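Structure, as structure tokens:
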Amino acid sequence: MTVTGPVGWYPTSDYVVRGFCPTCGASLFAKRADGKTISLMMGSLDEPDSFAPTQQIWMSSKQSWVDLGGDFDCYEEGPPPA
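Residue numbers (the working numbering): 440 to 521.
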């Protein structure tokens with residue numbers, strides 16, 4: 440993945456800093472403070488269908504009517520430490 444252009448950063452907790460487009464404000468990604476995990480916002484990609492999910496996180500926050508399906512590792516909260 441390549442990021443071109445400026446990125447704004449905003450710390451949302453002691454553990455996560457979020458990257459966003461400083462021109463339009465679009466969320467791009469979230470990076471954990473330990474630098475081991477980066478979460479991409481799929482809507483920020485030119486071709487999001489090129490990437491298949493490998494796990495589902497924050498299952499505890501999904502709406503009850505959402506059926507995510509798939510044969511993935513699922514976590515009630517964030518991903519486990521890398």
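Note that CB positions come from ideal geometry on N, CA and C, so glycine has one too.
Here the structure is a predicted model, which is why all the values come from computation and not from measurement.
Between which two residues does the beta strand (DSSP E) carrying residue i extend?
{"i": "residue 483", "result": "Segment: none, residue 483 is in no beta strand (DSSP E) and carries neither H nor E."}
Given a cut-off of 8 Å, decide if residue j and residue i are closer than it, judged by their beta-carbon atoms.
{"i": "residue 474", "j": "residue 467", "result": "no"}
{"i": "residue 492", "j": "residue 511", "result": "yes"}
{"i": "residue 471", "j": "residue 455", "result": "yes"}
{"i": "residue 513", "j": "residue 495", "result": "yes"}
{"i": "residue 465", "j": "residue 483", "result": "yes"}
Can you name, in chain order, every residue of its own chain whose Cβ lies under 7 Å from the Cβ of residue i, other than the five neighbours on each side?
{"i": "residue 478", "result": "468 and 469"}
{"i": "residue 515", "result": "498 and 499"}
Spell out the partners DSSP gives residue i in its beta bridges.
{"i": "residue 468", "result": "458 and 479"}
{"i": "residue 404", "result": "Here the chain has residues from 440 to 521 only, and residue 404 is not among them."}
{"i": "residue 513", "result": "495"}
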